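Residue numbers (this note's numbering): 16 to 330. These notes concern the structure reproduced below.
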Amino acid sequence: MCFLSLQNMVFPSVMVLPLLIVMAAGLYYIYNKVMQFMSKSLVRNKVVVITDAVSGVGTECAHLFHKGGARLILCGTSWDKLESLYDSLTNDGDPRETFAPKLVILDFSDMHSMEDVLVEVMDCYGCVDVLICNSSMKLKAPVQSISLELDRNIMDINYFGPSTLAKGLLPTMISRRSGHIVLVNSIQGRLAIPFRSSYAASKHAAQAFFDCLRAEVEEYGIFVSTISHTFINASDPVPVKVPAFKANALSMTHGVRPSVLANEIMQTVNRKRKEVVMSHPIPRVALYLRSLLPSFLFAVLGAGVKDSVLPEQML
Numbered sequence: 016m017c018f019l020s021l022q023n024m025v026f027p028s029v030m031v032l033p034l035l036i037v038m039a040a041g042l043y044y045i046y047n048k049v050m051q052f053m054s055k056s057l058v059r060n061k062v063v064v065i066t067d068a069v070s071g072v073g074t075e076c077a078h079l080f081h082k083g084g085a086r087l088i089l090c091g092t093s094w095d096k097l098e099s100l101y102d103s104l105t106n107d108g109d110p111r112e113t114f115a116p117k118l119v120i121l122d123f124s125d126m127h128s129m130e131d132v133l134v135e136v137m138d139c140y141g142c143v144d145v146l147i148c149n150s151s152m153k154l155k156a157p158v159q160s161i162s163l164e165l166d167r168n169i170m171d172i173n174y175f176g177p178s179t180l181a182k183g184l185l186p187t188m189i190s191r192r193s194g195h196i197v198l199v200n201s202i203q204g205r206l207a208i209p210f211r212s213s214y215a216a217s218k219h220a221a222q223a224f225f226d227c228l229r230a231e232v233e234e235y236g237i238f239v240s241t242i243s244h245t246f247i248n249a250s251d252p253v254p255v256k257v258p259a260f261k262a263n264a265l266s267m268t269h270g271v272r273p274s275v276l277a278n279e280i281m282q283t284v285n286r287k288r289k290e291v292v293m294s295h296p297i298p299r300v301a302l303y304l305r306s307l308l309p310s311f312l313f314a315v316l317g318a319g320v321k322d323s324v325l326p327e328q329m330l
């Protein structure tokens, strides 16, 4: 009898942990489903502008927000690619629940066209609820190999373009006391590594601008979010290369997939997150070292330049 009683006491205690795991998994599944449903309902009828909509991340965002019932304004440098994306969205979407996207040619390398672009964007619906600044130009080369013209081009695309677009749409958002601006930036807007001087500088500038903007427009009910991610897996544009510089191939082990980043952008819009960092542990540790032990980090990066290994693996 004592043995049977002991068995009855031990058996339930053994099952407690598996039951808790199953229950936790079930709750997590339900939570995700609820959040997915809410994500769609929260963006319905919202006017959403996506820059570089034909990129991997931009296309994934376009599909997510389109299925959610947003009124999309898709921007890009190629009319043919924008039309192809338009066809893909309208063919896959239910016309009773979705809106046909508006298409706008936008090239941040041509800053003289920005005034006309802003007029065209505002003519679409008369207002913008969400601006997703997704455009980016990458460069990897030694400092001495980069021309001033290339420096300026990168600054136009990565900094002056997004900031000018945001400033142009801001007056309407302020008058409506509503709006959300999302900067899809880079971890290199917070942590610079060798051979990325121009790119990192442009991303640092964008990070600083939108950080300032967040504080300035909060009183008007406008949200500003920054998403700092590592490199994009399978969708990065081919980096601009200076012929005299031979770069090692970038390890793709810890990249962020476009679909994952697009989902994070959707969640950031819905939950009004101010800042998001998407990276594996090494860049996160480096961010802390940059603040707490900068000399140590600089020594590591300097050693990495000699070996041409560490900086590549970090970001």
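Don't be surprised by glycine CBs; every beta carbon is placed ideally from N, CA and C. What you are looking at is a predicted structure, and each value in this text was computed from that prediction instead of being measured.
**Prompt:** Applying the criterion that 16 or more other CB atoms from any shown protein chain within 10 Å of the CB defines a buried residue, is residue 75 buried or exposed?
**Reply:** Of the residues assessed, residue 75 falls on the buried side of the cut-off, its CB having 16 or more other CB atoms within 10 angstroms.
**Asked** To which residues does DSSP link residue 240 through a beta bridge?
**Response** Under DSSP, residue 240 takes part in a beta bridge, and its partners are 197.
**Request:** Decide yes or no for the touch test of the segment 306-319 against the segment 285-298: beta carbon pairs closer than 8 Å, at least 3 of them.
**Result:** no
**Request:** Would you check if the distance between the CB atom of residue 123 and the CB atom of residue 150 is smaller than 9 Å?
**Result:** yes
**Message:** Quick check: residue 210 and residue 155, are their CB atoms within less than 9 Å of each other?
**Reply:** yes
**Item:** residue 139, enclosing alpha helix (DSSP H) - first and last residue
**Value:** 129-140
**Message:** At the level of alpha carbons, what is the spacing between residue 119 and residue 215?
**Reply:** 28 Å
**Asked** Can residue 91 and residue 69 be called in contact, C-beta distance under 9 Å?
**Response** A contact, by the Cβ cut-off of 9 Å.
**Item:** Euclidean distance between Cα positions of residue 147 and residue 243
**Value:** 13 Å
**Asked** Do the segment 228-236 and the segment 183-196 meet, that is, are 3 or more Cβ pairs less than 8 Å apart?
**Response** Result yes; three or more Cβ-Cβ pairs closer than 8 Å.
**Request:** Can you give me the start and stop residues for the alpha helix (DSSP H) that residue 117 sits inside?
**Result:** Looking at the DSSP string, residue 117 is not in any alpha helix (DSSP H); the run it does join, the beta strand (DSSP E), is 117-120.
**Request:** Buried or exposed for residue 186, please, with buried defined as at least 16 other CB atoms from any protein chain shown within 10 angstroms of its CB.
**Result:** exposed
**Prompt:** Counting contacts by CB-CB distance shorter than 9 Å, is residue 203 in contact with chain D?
**Reply:** Structure shown: chain D not included; a single protein chain is present.
**Request:** Grab the span of the beta strand (DSSP E) containing residue 271 for me, first residue to last.
**Result:** Segment: none, residue 271 is in no beta strand (DSSP E) and carries neither H nor E.
**Prompt:** In chain order, what residues of the same chain have a beta carbon less than 6 Å from the beta carbon of residue 220, not counting five sequence neighbours either side?
**Reply:** 174
**Prompt:** Helix, strand or coil for residue 290 per DSSP?
**Reply:** strand
**Request:** Within 10 angstroms of the Cβ of residue 36, are there 16 or more other Cβ atoms? Answer buried if so, exposed if not.
**Result:** Residue 36 is exposed by the Cβ-count criterion.
**Prompt:** For residue 247, which of helix, strand or coil comes out of DSSP?
**Reply:** strand
**Buried or exposed (CB count within 10 angstroms, at least 16 for buried), residue 256** = Note that residue 256 scores 49 on pLDDT, short of 50, meaning its location in the model is unreliable and no value can be drawn from it.
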